[in-house]
Structure formats: C-alpha cells, structure tokens
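> In my numbering, each residue's number is its place in the sequence shown (first place is 1) plus 5. All residues carry an ideal CB built from backbone N, CA and C; glycine is no exception. All figures in this text were calculated on a predicted structure; none of them were measured in a lab.
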Amino acid sequence: MELETLTLTGLFISAFISSTIAPGGSEAVLAYMVSSSPDTLASLVAIATLGNTLGALTTWWLGVFATKKFPPDKIFSANKQNSIAFVKKWGGWALFFSWLPVIGDGLCFAGGWLRLSFIPALFAILVGKAVRYWLVAYSVAQFV
Numbered sequence: 006m007e008l009e010t011l012t013l014t015g016l017f018i019s020a021f022i023s024s025t026i027a028p029g030g031s032e033a034v035l036a037y038m039v040s041s042s043p044d045t046l047a048s049l050v051a052i053a054t055l056g057n058t059l060g061a062l063t064t065w066w067l068g069v070f071a072t073k074k075f076p077p078d079k080i081f082s083a084n085k086q087n088s089i090a091f092v093k094k095w096g097g098w099a100l101f102f103s104w105l106p107v108i109g110d111g112l113c114f115a116g117g118w119l120r121l122s123f124i125p126a127l128f129a130i131l132v133g134k135a136v137r138y139w140l141v142a143y144s145v146a147q148f149v
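Listed below in structure tokens is the structure:
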C-alpha cells in the first residue's frame, strides 16, 4: 500500500510539473505505470489528468498575476487588439490544446493573462488533458 501511494504520488507530481513551465515526461511515467499495472488504467489516467490540470491552472494564475503589471490593452497596438478580442472570444476552446508540447503552457498563461472565463477554460483544459492521457494509456494497454 505504501509503495502504491508513493508511486501514484510520483505520477501526480510528474504530471503537475509537466504542465508548468518546467519540462517533464508524464506520458512516459504513465505509460510505464500502465504497462506495469494495466488493471489500474482508469485511476492512473485520473491522477495524471488531475495533476496536469492543476499544473496548467498554476500557469493560468501566473498569467492572471501578470495582467496586473502588464495589462493587455497597454501592451499591444490598436491593430493587434482585434487579435486579442478574437482570442478572448474563442480562447477558452483554444485551451483544449494546452496539452501540446511547447505551446500548451503559453496557452494557459495567455488564458489567465487575458482573463478568459475560468469555468469554460478549466473544462477545455481538463477535457484536453484527459483525452491525451486516455489515448496514451489505452495505446500502451493494447500492447500489454
């Protein structure tokens, strides 16, 4: 039981760190754990998704705090304000792709910085990350 708790905690921490500015390899950790224990696939995916979503929300809040010092309307020219308005309109759905390497963290930061509606953004982040982890876990489970 203690080893299982430690292992699940490690997966959570790996997923959390992978979703912040620091690099990580939570997919590899999940794949290894699924290959070692395919009967726990659902709980492994849930823990990885939770950790990764909370990491994304940490980045989101960093964006919110950055807004106080660097408001979007003060930084961009009037021409770029139209682009900002477009991201505000569709930005919550854009956060579905927060799982993508390199740009995913930027999407979460921008979501907070632009103060997109939190609940739809949270939903998009959660669903995107869950789908990604399910695909990884399911793919690995097929070969076990």
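#1: Quick check: what's the CA-CA separation for Ala36 versus Val141?
#2: Roughly how many angstroms lie between the CA atoms of Gly145 and Gly30, to the nearest whole one?
#3: What would DSSP say about Ser144, mapped onto helix, strand or coil?
#4: Check for me: the alpha helix (DSSP H) holding Leu59 runs from which residue to which?
#5: Confirm, please, whether the CB-CB distance from Phe102 to Gly133 is below 8 Å.
#6: Note down, in chain order, each residue of its chain lying with its Cβ closer than 6 Å to the Cβ of Ala61, except the 5 sequence neighbours on either side.
#7: Looking at Ile52 and Phe17, is the spacing between their C-beta atoms short of 8 Å?
#8: With respect to the alpha helix (DSSP H) encompassing Val39, which residues constitute its N-terminal and C-terminal limits?
#9: Decide if Ser88 is buried, meaning its Cβ has at least 16 other Cβ atoms within 10 Å, or exposed.
#10: Between which two residues does the alpha helix (DSSP H) harbouring Leu112 extend?
#11: Determine the direct distance from the alpha carbon of Gly68 to that of Gly109, and round the result to whole angstroms.
If we stick to the structure as given:
#1: 7 Å
#2: Looking at the sequence provided, one finds Val at residue 145 rather than Gly. When rounded, the distance between both Cα atoms is 15 Å.
#3: helix
#4: Leu46 to Lys74
#5: yes
#6: Ser24, Ser103, Cys113 and Ile130
#7: yes
#8: Ser31 to Ser41
#9: Because the pLDDT of Ser88 is 45, which lies under 50, any placement of that residue in the model is unreliable, and the question is left without a value.
#10: Ile108 to Trp118
#11: 13 Å
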